[in-house]
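Enquirer: Can you keep this structure in mind? I'll have questions shortly.
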Amino acid sequence: MKISEMEREEYVLPGNTSCHGCPSTVALRTVLKALKGNAVLVIPACCTSVYMGPFPNSAINVPVFNTAFASAAATASGIKASLEWQGKDTEVVVWAGDGGTYDIGLQALSGAAERGDDILFICYNNEMYSNTGIQRSGATPYGAWTTTTWKGKREHKKDVSELMLAHGIPYVATASVGYLRDLYEKVKRARKIRGFRYLEILAPCPPGWRFPMDKTIQMGKLAVESGMWILFESIEGKLRFTGVSKSIAEGRRKMKDLEEYLLSQGRFSHLTEGEIGEIRRYVIKKWEKLARLVEGEIDAAVAKFYV
Amino acid sequence: MYEVKILTGNETAAYAAMNSKARVVAAYPITPVTPVVETISKLVEEGRMHAKFIRVESEHSAMAACIGASAAGSRAFTATSSHGLAYMHEMLHWATNARTPIVMAVANRAIGPGWNIWADLGDALSQRDTGWIQFYCSNNQEIYDTIAMAYKLAEDRKVLLPAMVCYDGFVLSHTSMPVELTEFDDFLSEYEPVWKLDAENPFTHGNILPPEDFAELRHNIQRSHDRALKLMKKIEEEFFELYGRRTPLILEEYKMEDAEKVIVTMGAIGSEAKVAVDSLREKKVKAGLVRLKSFRPFPEKELRNLLEDKKVYVFDRAISPGSGGPLYNELKSALAFSPVKRIIPKIVGIGGIDVTKRTFERAIFERKVWIKEVVS
Amino acid sequence: MLISVRFHGRGGQGAVTASKLLAEVANSMGYYSQSMPFFGAERRGAPVISFTRISDEPIYEMSQVYHPNIVVVLDPLIMKVVDVFAGVKEGGTIVANTTKTPDEFVFSQRYLNIIAVDATGIAIKNDLLVAGLPVVNTPMLGALLRAQIPLEIEVLEGIVGKKFGEEGEKNVKAIREAYDLATVKLVRGSGKRKYPRKKKIKVEFPISTPSEGVAGKTKLWRDFRPKIDYEKCNNCLNCWLHCPESAIRLNEHVEIDYDYCKGCLVCTTVCPKKAITFEREVFADV
Chain B
1 MKISEMEREE
11 YVLPGNTSCH
21 GCPSTVALRT
31 VLKALKGNAV
41 LVIPACCTSV
51 YMGPFPNSAI
61 NVPVFNTAFA
71 SAAATASGIK
81 ASLEWQGKDT
91 EVVVWAGDGG
101 TYDIGLQALS
111 GAAERGDDIL
121 FICYNNEMYS
131 NTGIQRSGAT
141 PYGAWTTTTW
151 KGKREHKKDV
161 SELMLAHGIP
171 YVATASVGYL
181 RDLYEKVKRA
191 RKIRGFRYLE
201 ILAPCPPGWR
211 FPMDKTIQMG
221 KLAVESGMWI
231 LFESIEGKLR
241 FTGVSKSIAE
251 GRRKMKDLEE
261 YLLSQGRFSH
271 LTEGEIGEIR
281 RYVIKKWEKL
291 ARLVEGEIDA
301 AVAKFYV
Chain X
308 MYEVKILTGN
318 ETAAYAAMNS
328 KARVVAAYPI
338 TPVTPVVETI
348 SKLVEEGRMH
358 AKFIRVESEH
368 SAMAACIGAS
378 AAGSRAFTAT
388 SSHGLAYMHE
398 MLHWATNART
408 PIVMAVANRA
418 IGPGWNIWAD
428 LGDALSQRDT
438 GWIQFYCSNN
448 QEIYDTIAMA
458 YKLAEDRKVL
468 LPAMVCYDGF
478 VLSHTSMPVE
488 LTEFDDFLSE
498 YEPVWKLDAE
508 NPFTHGNILP
518 PEDFAELRHN
528 IQRSHDRALK
538 LMKKIEEEFF
548 ELYGRRTPLI
558 LEEYKMEDAE
568 KVIVTMGAIG
578 SEAKVAVDSL
588 REKKVKAGLV
598 RLKSFRPFPE
608 KELRNLLEDK
618 KVYVFDRAIS
628 PGSGGPLYNE
638 LKSALAFSPV
648 KRIIPKIVGI
658 GGIDVTKRTF
668 ERAIFERKVW
678 IKEVVS
Chain P
684 MLISVRFHGR
694 GGQGAVTASK
704 LLAEVANSMG
714 YYSQSMPFFG
724 AERRGAPVIS
734 FTRISDEPIY
744 EMSQVYHPNI
754 VVVLDPLIMK
764 VVDVFAGVKE
774 GGTIVANTTK
784 TPDEFVFSQR
794 YLNIIAVDAT
804 GIAIKNDLLV
814 AGLPVVNTPM
824 LGALLRAQIP
834 LEIEVLEGIV
844 GKKFGEEGEK
854 NVKAIREAYD
864 LATVKLVRGS
874 GKRKYPRKKK
884 IKVEFPISTP
894 SEGVAGKTKL
904 WRDFRPKIDY
914 EKCNNCLNCW
924 LHCPESAIRL
934 NEHVEIDYDY
944 CKGCLVCTTV
954 CPKKAITFER
964 EVFADV
């Protein structure tokens with residue numbers, strides 16, 4: 001997919017209240033272009049619900065229905081049922097942060113997925129509750145500083161994209177703002193499938209992760225290059241790695257050192273050697289687990305892709 | 308055109324949703340309202356009810372889905388009770404401010420712990436500040452009619468508010484009575500939304516609303532309640548003209564012309580109260596009854612006019628701890644500057660204690676406020 | 684005696700901190716004080732307001748300050764988008780961070796005291812920087828003390844010196860310099876009061892229409908200005924794709940929309956030809 005072939009219309013309008021270098025606006029711009037604006041967005045409480053601005057105006061140029069924090073997927077189910085009843089083909093897309101996906105929104109997400117409601121659920125994951133400041137969420141990685149984990153989070157994060165694989169839905173994928181063309185193509189593929197579809201986008205947040213505002217895209221790449229974030233796509237139950245993660249899994253590319261990724265962010269600046277080691281172990285376990293799920297496409301041997 | 312069936316209150320609510328042409332139903336089971344969910348599920352699968360049924364995983368999601376469906380332009384319905392109603396509390400507020408005219412059946416049940424599945428109006432009364440229109444029914448025919456009338460009222464351009472149709476758990480939800488299953492084609496057409504989500508006309512619903520604009524919205528909601536009260540009288544008349552049945556939306560009077568002691572109450576015990584009034588009259592007491600049907604909007608003026616110079620006994624089937632019976636408190640405020648002789652609170656039927664005509668008689672002749680046993 | 688102060692700044696400049704510090708100074712000197720920030724969208728560069736009340740009696744007001752005695756403007760840019768003179772009492776005081784002289788200020792009151800000081804220059808001179816940007820809130824507090832306010836500079840210096848650890852000394856120096864260098868003058872205004880009326884919008888539904896600039900012209904948020912070198916640019920459109928603000932337009936060539944560009948500089952990191960450079964944004968001073 002060439003950038004020059006991408007949809008040119010802007011659906012996220014400039015002059016909104018997002019932070020400098022915000023990954024959410026970057027991702028939403030790409031997602032809405034891939035959908036050509038033919039979507040109804042359901043947005044629970046998150047940064048987007050704030051940066052779209054106050055009444056009587058809004059910075060998003062597609063139909064948007066804001067909803068309560070816990071209820072994004074359920075609201076989307078209701079909207080889709082109504083549109084189906086009216087014979088309309090509009091895509092209903094949830095655009096939620098990790099709070100409204102991993103934690104308070106998890107019940108509704110799982111319910112809608114199990115029912116197979118025809119919705120595209122997109123989580124832009126900045127690994128914390130950023131709209132209310134910088135508090136930990138279920139997606140916050142081990143060791144990260146937040147205002148509710150001042151000494152660093154003691155628990156490893158859970159992985160809702162893996163959870164969605166377990167729901168047996170027809171489309172599950174991960175993406176990163178570091179690879180917008182990959183994101184664009186994934187949205188286009190998801191659009192062609194019917195049923196409950198889940199897409200999780202890593203969204204490195206400059207004020208929350210404490211890195212300079214211009215490094216958002218680079219951080220999105222580094223997360224994948226260092227193996228902390230794994231790009232995969234599962235279509236009708238067939239799972240495969242994609243992009244840089246695929247190269248890593250097939251041994252064509254070495255993972256960058258995890259420390260390069262961790263220590264370029266202020267939220268990890270206090271990590272001890274032991275804690276970094278703990279994160280390394282976690283990353284290896286994740287790769288092993290996913291590699292086994294990807295049937296027979298690669299060897300699950302650890303040594304192959306560990307730097 | 309009508310069919311008369313012997314139906315429970317729950318079955319009646321389900322048939323009412325069907326004949327009111329609800330097109331999206333999202334509901335979750337909870338005692339004692341579960342049969343509504345089961346019946347609708349069956350009617351949809353049999354192709355008799357033309358609607359989408361979403362088997363949500365919780366009541367909070369049920370209301371969220373209804374709000375979404377209504378926002379996208381469909382007539383939405385759900386049913387719940389007690390803990391389920393409490394669980395969706397946040398979304399009840401949402402439905403009001405969002406101006407989505409959803410109708411919901413509520414089988415009133417006590418909220419625990421300990422688990423108590425029996426009739427108590429506290430579940431719905433504790434939602435009285437959410438902005439929903441609230442009706443309390445006293446028999447199954449009334450449940451049926453009120454659901455259709457509620458849609459007519461809620462969807463009116465001058466109202467646009469959600470409405471709950473309440474009925475006592477088990478007492479009405481599980482009791483069978485003859486119900487005339489009127490078809491409402493002349494009364495209620497397909498939902499015509501004033502606004503709806505539409506890819507052709509993008510707008511954003513529910514983003515940040517600054518203080519002064521928020522106040523405008525809330526004032527508008529209050530005005531809508533005022534307008535709803537006026538509209539109720541018109542809808543009662545229209546219904547009567549079409550179907551020959553007097554189903555009240557605001558309140559029902561019984562033997563009030565020369566009444567001196569008046570019972571004021573809501574729900575199923577309001578029907579039992581008629582028997583109590585007759586019994587009291589036999590004992591030479593000039594008794595009367597005002598059965599309040601609409602608790603929100605609260606018909607202050609109508610009640611003031613009716614209860615002038617009377618001795619009023621308010622029977623609450625709920626308690627707002629730290630304050631008193633909700634109906635008593637609201638009525639007391641409404642009658643504050645009017646020449647009512649006395650207004651006396653009574654708390655009965657809490658947690659499902661059966662309320663008989665004797666309960667009313669004993670309450671009127673005793674000084675105790677709480678009646679905590681069955682008086683047979 | 685009740686003195687009310689309104690602070691105007693851009694997010695990240697410390698308007699809220701300055702407001703709190705002032706309240707602390709007053710409190711240490713035995714006055715009752717209150718500091719109240721106003722919350723809107725607190726992002727770097729976005730307009731921020733904070734209020735301080737100082738009194739010799741307990742303060743019961745719990746509302747915002749609408750008629751301040753003193754207004755502190757931490758950044759001249761603010762005056763392009765906010766009416767900093769709104770509600771200021773006749774004969775009140777404006778303390779402005781500016782390179783202009785008091786006579787150059789235009790307002791509708793009959794008379795105002797103008798205290799002008801180049802706090803930005805003083806901060807840079809004293810190496811008072813955080814993340815490369817000058818710290819202006821403390822020197823502005825120094826200049827503020829030249830107004831009719833019964834607070835002592837030594838108390839401010841004491842509190843700031845203790846609070847900011849290693850940086851304390853630099854802050855204290857900047858405070859004293861701003862205090863000494865500020866120009867104070869009673870300036871005449873037009874005398875023609877303006878009372879802008881806010882249009883009432885009918886709100887039946889919480890529904891908004893899509894529009895650019897919901898936060899105004901966000902160029903105000905810019906500290907750094909990116910520039911495309913068209914000699915090097917091959918129109919690959921990477922900058923357009925990655926711009927978080929949708930502030931790069933696809934005309935004949937890619938063009939940065941300087942009305943909205945927030946200066947995040949993401950574009951500079953994604954250009955494969957390194958055709959985008961940046962420099963400090965310098966808006967025409969007020």
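Chains as they are written, first to last, in our numbering: chain B, 1 to 307; chain X, 308 to 683; chain P, 684 to 969. Don't be surprised by glycine CBs; every beta carbon is placed ideally from N, CA and C.
Does DSSP put X/Ser601 in a helix, in a strand, or in coil?
Expert: Taking the second sequence and counting its residues from 1, the one referred to as residue 601 of chain X is at position 294. The answer is strand: DSSP assigns X/Ser601 an E or B state.
Enquirer: Can you find a C-beta in chain B that's less than 9 Å from the C-beta of P/Gly896?
Expert: Here residue 896 of chain P is taken as the residue at index 213 of the third sequence, counted from 1. Yes, because at least one Cβ of chain B sits closer than 9 Å to the Cβ of P/Gly896.
Enquirer: Taking only runs that begin and end inside the segment 107-179 of chain B, name each unbroken alpha helix (DSSP H) of 4 or more residues, in chain order.
Expert: Entirely contained in the segment 107-179 of chain B, the alpha helix (DSSP H) runs reaching 4 residues are, in chain order, 160-166.
Enquirer: X/Gln434: which of X/Lys653, X/Glu673, X/Ala625 sits nearest, CA to CA?
Expert: What you label residue 434 of chain X is simply residue 127 of the second sequence in a count that begins at 1. Among X/Lys653, X/Glu673, X/Ala625, the Cα nearest to that of X/Gln434 is on X/Ala625.
Enquirer: If you compare alpha carbons, which of X/Thr346, X/Leu638, X/Ile651 is closest to X/Arg603?
Expert: Within the second sequence, residue 603 of chain X is the residue found at index 296, counting from 1. Nearest of X/Thr346, X/Leu638, X/Ile651 to X/Arg603, Cα basis: X/Leu638.
Enquirer: Give the DSSP-derived three-state secondary structure of X/Lys618 in the structure shown.
Expert: As a working note, residue 618 of chain X is residue 311 in the second sequence. It is a strand residue.
Enquirer: Would you check if the distance between the CB atom of P/Ser891 and the CB atom of X/Thr511 is smaller than 9 Å?
Expert: Translated into the one-based positions of the third sequence, residue 891 of chain P becomes position 208. Translated into the one-based positions of the second sequence, residue 511 of chain X becomes position 204. Contact: yes.
Enquirer: Using CA atoms only, rank isn't needed, just tell me which of B/Tyr179, B/His167, B/Ala59 is closest to P/Tyr943.
Expert: Taking the first residue of the third sequence as 1, we reach residue 943 of chain P at position 260. With distances taken between Cα atoms, P/Tyr943 lies closest to B/Ala59.
Enquirer: Please confirm whether P/Phe721 has its beta-carbon closer than 9 Å to some beta-carbon of chain X.
Expert: On the third sequence, residue 721 of chain P is found 38 positions in, with the first residue counted as 1. Not an interface residue.
Enquirer: Near B/Gly105, which residues of its chain fall below 8 Å by C-beta distance, leaving aside the five closest residues on each side in sequence?
Expert: As a first step, residue 105 of chain B is located in the first sequence; it is residue number 105 there, counting from the start. Here the set comprises Pro44, Phe69, Ala70, Ser71, Ala72, Ala73, Ala96, Gly99.
Enquirer: By the DSSP assignment, the alpha helix (DSSP H) with X/Asp520 in it spans what residues?
Expert: For the purposes of this step, residue 520 of chain X is taken as the residue at position 213 of the second sequence. Counting along the chain, the alpha helix (DSSP H) containing X/Asp520 begins and ends at 518-550.
Enquirer: Compute the distance between the beta-carbons of P/Pro730 and P/Val755, then report whether it is under 9 Å.
Expert: The sequence position of residue 730 of chain P within the third sequence is 47, counting from 1. The sequence position of residue 755 of chain P within the third sequence is 72, counting from 1. Their beta carbons are not under 9 Å apart, which means P/Pro730 does not touch P/Val755 by this criterion.
Enquirer: Name, please, each residue of chain B whose Cβ falls closer than 9 Å to the Cβ of P/Cys919.
Expert: Taking the third sequence and counting its residues from 1, the one referred to as residue 919 of chain P is at position 236. Per Cβ cutoff of 9 Å: Ile3, Ser4.
Enquirer: For P/Pro909, does the three-state DSSP call read helix, strand or coil?
Expert: Position 226 of the third sequence, counted from the first residue, corresponds to residue 909 of chain P. Here P/Pro909 sits in strand by DSSP.
Enquirer: Are the C-beta of B/Ala73 and some C-beta of chain X separated by less than 9 Å?
Expert: One-based indexing of the first sequence puts residue 73 of chain B at position 73. So, interface residue.
Enquirer: Below 7 Å on C-beta distance, what does P/Val886 contact in chain X?
Expert: To locate residue 886 of chain P, count along the third sequence from 1; it is residue 203. Correct list: Asp520, Glu523, Leu524, Asn527.
Enquirer: Can you list, in chain order, the residues of its chain whose CB lies under 6 Å from that of P/Lys910, leaving out five sequence neighbours each side?
Expert: Position 227 of the third sequence, counted from the first residue, corresponds to residue 910 of chain P. Within the same chain, P/Lys910 has close Cβ partners Thr960.
Enquirer: For chain P, is any of its Cβ atoms less than 9 Å away from the one on X/Thr511?
Expert: Here residue 511 of chain X corresponds to residue number 204 of the second sequence, with the count starting at 1. Cβ-Cβ to chain P under 9 Å: yes for X/Thr511.
Enquirer: Could you tell me which of X/Glu490, X/Asn423, X/Asp430, X/Val597 sits nearest to X/Ile454, measuring between CA atoms?
Expert: Looking up residue 454 of chain X in the second sequence gives position 147. Among X/Glu490, X/Asn423, X/Asp430, X/Val597, the Cα nearest to that of X/Ile454 is on X/Glu490.
Enquirer: Using CA atoms only, rank isn't needed, just tell me which of P/Glu928, P/Ser718, P/Glu840, P/Ile884 is closest to P/Ala706.
Expert: The residue labelled residue 706 of chain P in the question sits at position 23 within the third sequence. For the residues P/Glu928, P/Ser718, P/Glu840, P/Ile884, the minimum Cα distance to P/Ala706 belongs to P/Ser718.
Enquirer: Report the residues of the segment 423-438 of chain X with a CB closer than 9 Å to any CB of chain P, ordered along the chain.
Expert: Those residues of the segment 423-438 of chain X that come within reach of chain P (Cβ to Cβ, closer than 9 Å) do not exist; the list is empty.
Enquirer: Assuming X/Ile678 is part of the alpha helix (DSSP H), what are its boundary residues?
Expert: Position 371 of the second sequence holds residue 678 of chain X. Taken as a continuous stretch (DSSP letters only), X/Ile678 belongs to no alpha helix (DSSP H), as it is neither H nor E.
Enquirer: Can at least three beta-carbon pairs, one atom from the segment 352-361 of chain X and one from the segment 402-410 of chain X, be found at a separation below 8 Å?
Expert: Contact fails: fewer than three Cβ-Cβ distances are below 8 Å.
Enquirer: Answer with buried or exposed for X/Pro517, where buried requires no fewer than 16 other C-beta atoms within 10 angstroms of its C-beta.
Expert: The residue you call residue 517 of chain X lines up with position 210 of the second sequence. Label assigned to X/Pro517: exposed.
Enquirer: Can you tell me whether DSSP reads X/Ser327 as helix, strand or coil?
Expert: Counted from its first residue, the second sequence places residue 327 of chain X at position 20. If DSSP states are grouped into helix, strand and coil, X/Ser327 belongs with coil.
Enquirer: Exposed or buried, X/Leu428, counting other C-beta atoms within 10 Å across all chains shown (16 or more means buried)?
Expert: One-based indexing of the second sequence puts residue 428 of chain X at position 121. Result: buried.
Enquirer: Using a Cβ-Cβ cutoff of less than 7 Å, which residues in the same chain neighbour X/Ala323 once the five nearest sequence positions on both sides are dropped?
Expert: Start at 1 with the first residue of the second sequence, and residue 323 of chain X comes out as number 16. Ile450, Tyr451, Ile454, Ala455.
Enquirer: If you compare alpha carbons, which of X/Pro509, X/Ile515, X/Phe546 is closest to X/Tyr458?
Expert: Residue mapping note: residue 458 of chain X aligns to position 151 of the second sequence, counting from 1. Closest by alpha carbon: X/Phe546.
Enquirer: By alpha-carbon positions, which one of X/Val584, X/Gly595, X/Glu543, X/Ser683 ends up nearest to X/Met563?
Expert: Locating residue 563 of chain X in the second sequence gives position 256, counting from the first residue. Of the candidates X/Val584, X/Gly595, X/Glu543, X/Ser683, the one whose C-alpha sits nearest the C-alpha of X/Met563 is X/Gly595.
Enquirer: Under 9 Å, Cβ to Cβ, is there at least one residue of chain A near P/Ser733?
Expert: The structure shown contains no chain A; its protein chains are B, X and P.
Enquirer: What do you get for B/His20, buried or exposed, if any count of 16 or more other CB atoms within 10 angstroms of its CB means buried?
Expert: Stepping through the first sequence from its first residue, residue 20 of chain B is reached at position 20. Classification for B/His20: buried.
Enquirer: So for B/Leu41, helix, strand or coil by DSSP?
Expert: If you number the first sequence from 1, residue 41 of chain B lands on position 41. B/Leu41 falls in the strand class under three-state DSSP.
Enquirer: By alpha-carbon positions, which one of X/Leu314, X/Phe667, X/Ala566, X/Lys540 ends up nearest to X/Asp623?
Expert: Locating residue 623 of chain X in the second sequence gives position 316, where the first residue counts as 1. With distances taken between Cα atoms, X/Asp623 lies closest to X/Phe667.
Enquirer: Any residues in the segment 532-563 of chain X with a beta carbon nearer than 7 Å to a beta carbon of chain P? Which ones, in chain order?
Expert: Under the 7 Å Cβ criterion, the segment 532-563 of chain X contributes no residue.
Enquirer: If we cut at 9 Å on Cβ distances, does P/Ile939 have a partner in chain X?
Expert: Locating residue 939 of chain P in the third sequence gives position 256, counting from the first residue. Not closer than 9 Å to any Cβ of chain X, the Cβ of P/Ile939 fails to qualify, so no.
Enquirer: Let's test the definition: count the other Cβ atoms within 10 Å of the Cβ of P/His936 and tell me whether it reaches 16, buried, or not, exposed.
Expert: For the purposes of this step, residue 936 of chain P is taken as the residue at position 253 of the third sequence. By the 10 Å Cβ count, P/His936 comes out exposed.
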